[in-house]
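The structure under discussion appears below in the form of structure tokens.
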Amino acid sequence: MSTLLLEAERVKSYYHTREGTVKAVDDVSLDVENGIILGLAGESGCGKSTLMNTLMMKIRPPLYLVDGEIIVDGERISKMERKEIKKKIWGVKISLVPQSALNALMPTKRIIDFIRDVVKFHVDVSDGEIVSMARKRFEELNLPEDSLYLYPHELSGGMKQRAVIAISTLLNPKLLIVDEPTSALDVSTQKRVLKLLLDLKKFKIIDSIVFVTHDIAVLRQIADRLVIMYAGKIVESGTLEDVLSNPKHPYTAGLIHAVITPEPEIRKRGLVSIPGEPPNLINPPSGCRFHPRCLHAMPICKKVVPELVDISNGRKVSCHLVKA
Ligand code: SF4
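At position 99 of the sequence shown the residue is numbered 99 (my numbering), and the sequence of numbers has no breaks.
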């Protein structure tokens with residue numbers, strides 16, 4: 001039986017702004033099992049990055065955790081002080097490579113100096129041990145050892161991304177979250193980043209990955225399970241194969257039809273974009289948040305929020321068209 005590395009239960013995290021409360025993550029429950037790559041997809045602005053920061057408890061005003069529980073490898077981090085989380089959880093049990101990772105490296109520090117600071121914060125080891133730890137990890141991941149002694153501006157975008165991922169996993173966290181790791185890269189560099197992530201799992205450096213992207217085609221190459229997010233809520237989840245071959249939520253179907261996929265019927269039909277725009281999360285639509293854009297909307301959809309229900313073996317959908 002698989003164990004859960006991460007459990008999020010009915011999580012709400014909102015931005016309190018002058019314009020109003022942005023319900024960026026609104027009643028989201030999510031599990032990440034040991035050994036899987038979970039792909040989280042949705043359009044820009046649907047709350048994916050806010051959800052990832054919330055799962056890490058990287059929460060600073062104007063973002064607040066309003067409700068819910070987050071458990072990482074058995075530790076209820078939603079109840080912990082930031083100082084304790086920083087020392088005991090980040091980098092050790094769970095690591096996040098944020099969207100802005102390419103700018104995370106200090107321009108005035110060589111890669112090895114940055115690594116030294118990160119490792120020393122968590123464990124009491126000598127400089128020599130840190131250097132051999134970093135060399136070993138770069139070698140395992142096929143990254144040139146010389147790059148440890150370079151400044152960030154001396155690395156290409158793809159190399160920098162791979163170095164940041166390698167550094168984030170130096171202390172062998174069980175779970176790695178990568179937020180849009182391939183979106184700024186060309187196709188061949190994207191492939192190298194995907195291979196690096198697969199190698200991290202293959203060599204058992206990490207157990208599980210949450211891969212966040214707006215690009216469902218990338219997830220097809222790497223994910224075991226898919227979670228689809230729309231306007232601050234999860235609307236569908238299941239195995240990659242089930243969700244892609246038989247999407248149950250109209251939004252999921254729209255996302256799949258908006259990219260070229262190998263399914264013959266979709267190739268034949270061609271690309272179809274989802275009409276309309278994602279809603280403003282200060283004042284989201286009533287009932288199902290997708291109803292203003294949904295071609296199947298019914299009167300109930302405007303009034304009642306559809307629950308995310310298990311329709312079979314962990315396949316979950318939140319839509320009034322689907323019965324449990
Ligand atoms: Fe469309 Fe209604 Fe389903 Fe929402 S609940 S996706 S509006 S059919």
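Glycine is no exception: its CB is placed at the ideal position from the N, C-alpha and C atoms.
Local conformation of residue i per DSSP, three classes
| i | result |
| --- | --- |
| I85 | helix |
| G232 | coil |
| E140 | helix |
| M1 | Residue placement at M1 is poorly supported in this model, since its pLDDT is 48, which falls under 50; the coordinates still yield a value, given next. Looking at M1 - three-state DSSP - the assignment turns out to be coil, as it is neither helix nor strand. |
| V119 | helix |
| L30 | strand |
| Y14 | strand |
| F203 | coil |
| Y64 | strand |
| F114 | helix |
| S44 | coil |
| L240 | helix |
| T108 | coil |
| G20 | strand |
| A277 | Note that residue 277 is Glu in the sequence shown here, rather than Ala. Three-state DSSP puts E277 in coil, outside helix and strand. |
| D189 | According to the sequence displayed, residue 189 carries Thr and not Asp. Helix at T189. |
| V305 | coil |
| E75 | strand |
| I165 | helix |
| S126 | coil |
| K323 | coil |
Separation of residue j from residue i, as counted between CA atoms
| i | j | result |
| --- | --- | --- |
| S312 | D242 | 11 angstroms |
| E145 | I216 | 33 angstroms |
| V227 | G128 | 42 angstroms |
| E7 | H320 | 26 angstroms |
| L90 | D117 | For the record, residue 90 in the displayed sequence is Trp; it is not Leu. Whole-angstrom Cα-Cα distance: 14 angstroms. |
| K174 | A134 | 18 angstroms |
| Y151 | R110 | 4 angstroms |
| S100 | S44 | 15 angstroms |
| I282 | R60 | 19 angstroms |
| P250 | E307 | 15 angstroms |
| L51 | A24 | 8 angstroms |
| Q190 | G158 | 8 angstroms |
| M1 | I71 | Unreliable positioning characterises M1 in this predicted model, as indicated by a pLDDT of 48, which lies under 50. The coordinate reading is nonetheless provided below. Cα to Cα, the separation comes out at about 19 angstroms. |
| R225 | V92 | 24 angstroms |
| V304 | S13 | 21 angstroms |
| N142 | L196 | 8 angstroms |
| G35 | R18 | 42 angstroms |
| C288 | N53 | 25 angstroms |
| K120 | S95 | 16 angstroms |
| T239 | L255 | 16 angstroms |
Member of the options whose CA lies at the smallest distance from the CA of residue i
| i | options | result |
| --- | --- | --- |
| R82 | A104, G68 and M56 | M56 |
| K79 | P62, V309 and K58 | K58 |
| I234 | V22, D26 and H291 | D26 |
| K86 | I112, V210 and H122 | H122 |
| R315 | E140, S245 and Y15 | S245 |
| A41 | D310, G157, A253 and I112 | A253 |
| G97 | T189, K23, S237 and S168 | According to the sequence displayed, residue 97 carries Val and not Gly. Nearest C-alpha to V97: S168. |
| K204 | C301, L171 and G20 | L171 |
| V218 | T21, G287 and V193 | V193 |
| V66 | T108, H16 and D73 | H16 |
| K302 | S286, C294 and D199 | S286 |
Beta-carbon spacing of residue i, residue j below 8 angstroms
| i | j | result |
| --- | --- | --- |
| V322 | K248 | yes |
| R176 | I222 | The sequence shown places Leu at residue 176, not Arg. In this structure, I222 does not lie closer than 8 angstroms to L176 by Cβ. |
| I274 | A297 | no |
| D186 | V212 | no |
| V11 | V28 | yes |
| A104 | F138 | no |
| V210 | L4 | no |
| G276 | P292 | yes |
| Y149 | I115 | no |
| P278 | C46 | yes |
Any chain B beta carbon closer than 8 angstroms to residue i
| i | result |
| --- | --- |
| V227 | Although the question refers to chain B, the structure presented lacks it and comprises just one protein chain. |
Residues passing the C-beta test against the ligand ATP heavy atoms, cut-off 7 angstroms: Because the ligand ATP does not appear in the structure shown, any question about it cannot be addressed here, the ligands present being the ligand SF4.
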